[in-house]
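Heads up: take any position in the sequence shown, counting from 1, add 24, and you land on the working numbering.
Glycine residues also receive a C-beta, built at the ideal position from the N, C-alpha and C atoms.
From a predicted model like this one, the values you see are computed outputs, not experimental measurements.
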Amino acid sequence: MKELLEKILEENRHWTKKGKVATYIPALAKADPKILGITVIDIDGKAVTVGDCDTKFTLQSISKPLALMLALMDKGTDEVFSKVGMEPTGDPFNSIIKLETLRTGKPLNPMINAGAIATTALIEGQSGGEKIERLLEFVRLLAGNKDIRVNEEVYRSEQETGDRNRAMAYFMKDLGVLEADVDQILEVYFRQCAIEVTCSDIAHMARCLANKGNIAGKQIIPHEIVRLTNTFMVTCGMYNASGEFAIKVGIPAKSGVSGGIMALVPGKMGIGIIGPALNKIGNSIAGVHMLEDLSRALDLSIF
Ligand code: GLU
């Protein structure tokens with residue numbers, strides 16, 4: 025496996041020059057576009073790491089499936105899906121247009137920003153602090169890493185500039201999709217996006233999902249919630265390139281604008297990638313190409 029990953033990484037390194045790091049959250053603009061790393065953890069827990077895997081990055085949209093699983097465990101499917109739908113959008117992750125044209129204002133799915141904000145609002149806790157602490161504990165448990173924290177600089181940077189997310193949240197509050205205090209929900213949402221991890225952390229989380237929610241014989245997440253979340257990752261996880269990704273790679277995956285990709289092959293492995301240089305859609309450009317090559321080499325597509 026190590027040799028294969030080294031070959032795939034070296035053959036795709038050139039893509040990092042063709043992508044651009046995200047700049048709309050100012051703190052993300054500091055990322056080095058040349059960074060590239062991948063960790064694969066098989067179902068028995070054997071990890072192989074290649075490239076810049078010590079680099080820390082923030083979860084950004086990779087936090088969306090994690091917040092979804094916690095909200096589903098807290099509130100159940102009926103309540104969660106009364107506030108957020110199950111359909112791909114075909115629009116960018118920060119699109120606001122469908123909120124108005126659909127009249128109900130109910131976001132189409134929990135992988136776009138509006139849907140993720142509505143999902144985060146359903147995480148239980150007396151205060152914003154308690155909610156983010158519960159999510160952090162969940163992430164630490166899945167990653168097997170007690171040291172995972174929020175990157176305060178990235179959090180503040182998005183808090184200061186995230187006016188489009190703020191606009192969506194106020195709009196959903198007006199329509200009754202959001203019921204709690206908008207500032208508190210956004211504080212939790214911006215903090216969840218700023219949770220700092222490595223490739224190995226997200227590969228561990230993905231391995232739990234590949235293993236039907238089980239870690240070392242303990243059922244951490246009900247299998248039904250894992251099944252549902254993996255399905256969302258297949259249909260909506262790679263922004264508005266999810267269809268092409270399903271055809272070319274064919275495995276559940278969720279990307280974030282920091283350049284991370286969390287991917288998994290059910291029953292086989294968890295995969296974590298970092299490559300901050302993004303393609304035009306907002307996915308790690310080299311990361312997507314590496315996953316294509318890995319899927320082809322090991323025949324990983326689930327379809
Ligand atoms: N924090 C980012 C935002 O809300 C996450 C977006 C992403 O990774 O797709 O804009």
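One or two residues paired with residue i in a DSSP bridge
i	result
T125	Bridge partners of T125: none, in fact.
A71	I65
T82	E220
S308	L302
L288	G294
V174	I219
Q243	N238
K278	M286
K44	L302
Environment of residue i [buried if 16+ CB atoms lie within 10 Å]
i	result
I121	exposed
M255	At residue 255 the sequence reads Thr, which differs from the Met that was named. It counts as exposed.
T63	buried
Q243	exposed
H247	exposed
F214	buried
R188	exposed
C263	The sequence as given places Tyr at residue 263; Cys does not occur at that position. Buried, by the Cβ-count rule.
E182	buried
F327	exposed
T101	exposed
G294	buried
G306	buried
R251	exposed
L233	buried
L126	exposed
A55	buried
S151	exposed
G241	exposed
Same chain only: Cβ atoms within 7 angstroms of residue i, ignoring 5 sequence neighbours per side
i	result
I219	T82, L83, S87, L160, V163, I172, V174
M257	P89, P276, A277, K278
L165	I244
T47	A53
S266	P112, T259, C260
L33	L60, I62, V74, G75, M314
A204	A145
C21	Absent from the model: residue 21. The displayed extent of the chain is 25 to 327, so no value can be given.
D115	I121, K122, N264
Contact belief for residue i with residue j at Cβ below 8 angstroms, rounded distance in angstroms
i	j	result
A270	L315	With 8 angstroms as the limit, A270 and L315 do not qualify as a contact, their Cβ atoms being about 12 angstroms apart.
G67	N169	Before going on, a small fix: residue 67 reads as Ile here, not Gly. Incorrect: roughly 19 angstroms between the Cβ atoms, too far for contact.
T144	I209	6 angstroms
E111	N133	6 angstroms
G311	I275	That pair is no contact at about 13 angstroms.
I298	G61	5 angstroms
A336	I65	Because the chain spans 25 through 327 in this model, residue 336 falls outside it and cannot be assessed.
M196	A140	Actually they are not in contact, since the Cβ atoms of M196 and A140 sit about 11 angstroms apart, beyond 8 angstroms.
C260	M135	4 angstroms
L146	V104	6 angstroms
K155	V201	About 18 angstroms separates the two Cβ atoms, so there is no contact after all.
M93	I249	5 angstroms
V10	S319	It is not possible to answer for residue 10, since the shown part of the chain is limited to 25 through 327.
I317	E35	Per the sequence shown, residue 317 should be read as Asp rather than Ile. That belief holds up - the Cβ atoms of D317 and E35 are roughly 7 angstroms apart, short of 8 angstroms.
Neighbourhood of residue i by C-beta, 6 angstroms cutoff - its chain only, sequence neighbours within 5 removed
i	result
D225	A167, N169
E148	D98
L7	For the chain, the structure presents residues 25 to 327; residue 7 sits outside this window and is missing.
E30	V74
R18	Examination of residue 18 is not possible in this model, given that the chain is present from 25 through 327 alone.
F117	I136, N137, Y263
Residues near residue i by beta carbon distance below 8 angstroms, same chain, minus five either side
i	result
K80	N175, E220, V221, T222
P57	T40, K41, G43, K44, V45, P300, A301
Proximity test, Cβ basis, 8 angstroms: residue i and chain C
i	result
R320	Among the chains in the structure shown there is no chain C, since it carries only a single protein chain.
Starting from the N-terminal side, write out each stretch of the alpha helix (DSSP H) that is 4 residues or longer and does not extend beyond the stretch 130–209. 137–144, 152–167, 176–185, 187–198
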